[in-house]
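Asker: This is the structure I have questions about; it appears just below.
Numbering (the numbering used here), first residue to last: 4 to 167.
Below, the structure written as structure tokens:
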């Protein structure tokens, strides 16, 4: 539904305000949840590979990319029955802070380092405020779902030690 002014120009498009969805984009996962017939690797071998990559210091998403591109494993869950992060948690190799929060903190540290060199960069200062508010919002969610300890707090002074 649209409202037009008397001169014919569009004033407000109501679908923007009253529509709660954010679009229909999504990855197309196959309907069949079984591993492909040509894949000859066992679930034990996949778990060993995941643990080996995690000990090298790779994140769960990097492990998934390597398994997909080098080993031909499209979905780890279809082969092993559980996702990469759950396998890492079972073996005690999961990262202490969630991956998305880690990358946001890393971005905030790099923006802050840039601002130390370029003090007049107002746009970077604004972007830093946005990134740090996103960090606080995500940390609040992770505390609520008990993925972070309740006393965990993001501080810009100690953030570089978290990502180092």
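Glycine included, each C-beta is placed from N, C-alpha and C at the ideal position.
Nothing here was measured: the structure is a model prediction, and the numbers come from that model.
#1: Just the Cα atoms here: how many angstroms apart are residue 163 and residue 33?
#2: Flag this pair as touching only if the stretch 87 to 97 and the stretch 44 to 58 have three or more C-beta atom pairs under 8 Å; answer yes or no.
#3: Starting from the C-beta of residue 145, find all residues in its chain whose C-beta is less than 7 Å away, skip the five residues before and the five after it, and write them out in chain order.
#4: In terms of alpha-carbon separation, which member of 127, 65, 76 lies closest to residue 106?
#5: With burial defined as no fewer than 16 other Cβ atoms inside 10 Å of the residue's Cβ, what is the status of residue 153: buried or exposed?
#6: Could you tell me how far apart the beta carbons of residue 79 and residue 49 are, in whole angstroms, since I believe they sit closer than 8 Å?
#7: Short check: CB of residue 157 to CB of residue 114, under 8 Å?
#8: I'd like the list of long-range same chain contacts for residue 44, defined as Cβ closer than 6 Å, with 5 residues on each side in sequence excluded.
#9: Considering just the uninterrupted stretch of the alpha helix (DSSP H) at residue 139, what are its terminal residues?
#10: Scan the stretch 38 to 91 and note each continuous alpha helix (DSSP H) run of 4 residues or more that stays entirely inside, going in chain order.
#11: Chain B beta carbons: is any one of them nearer than 8 Å to that of residue 167?
#12: Quick check on this structure: which residue in 135, 127, 112, 129 has the alpha carbon closest to the alpha carbon of residue 165?
#13: Quick check: what's the CA-CA separation for residue 120 versus residue 127?
Answerer: On the basis of the supplied data:
#1: Locating residue 163 in the chain shown gives position 160, where the first residue counts as 1. Locating residue 33 in the chain shown gives position 30, where the first residue counts as 1. So the two alpha carbons sit approximately 40 Å from each other.
#2: yes
#3: By 1-based counting over the chain shown, the position of residue 145 is 142. Around residue 145, the same chain offers 101, 104, 151 as residues with beta carbons nearer than 7 Å, after the five sequence neighbours per side are excluded.
#4: On the chain shown, position 103 is the one that residue 106 refers to. Nearest C-alpha to residue 106: 65.
#5: Taking the first residue of the chain shown as position 1, residue 153 is located at position 150. Exposed, by the Cβ-count rule.
#6: Residue numbering aside, residue 79 sits at position 76 when the chain shown is read from its first letter. Residue numbering aside, residue 49 sits at position 46 when the chain shown is read from its first letter. Residue 79 to residue 49, Cβ: 6 Å. Contact.
#7: Along the chain shown, one-based indexing puts residue 157 at 154. Along the chain shown, one-based indexing puts residue 114 at 111. Taking 8 Å as the Cβ cut-off, residue 157 and residue 114 do not qualify as a contacting pair.
#8: Locating residue 44 in the chain shown gives position 41, where the first residue counts as 1. Counting only residues of its own chain and dropping the five nearest sequence neighbours on each side, residue 44 has no CB closer than 6 Å to any other CB.
#9: Residue mapping note: residue 139 aligns to position 136 of the chain shown, counting from 1. Per DSSP, the continuous alpha helix (DSSP H) segment holding residue 139 begins and ends at 125 to 147.
#10: 46 to 58, 63 to 74, 79 to 83
#11: Here chain B cannot be found, since the structure has a single protein chain.
#12: Here residue 165 refers to the residue found at position 162 when the chain shown is read from its first residue. Checked all of 135, 127, 112, 129; the closest Cα to residue 165 is 112.
#13: To locate residue 120, count along the chain shown from 1; it is residue 117. To locate residue 127, count along the chain shown from 1; it is residue 124. Rounded to whole angstroms, residue 120 to residue 127 spans 12 Å at the Cα level.
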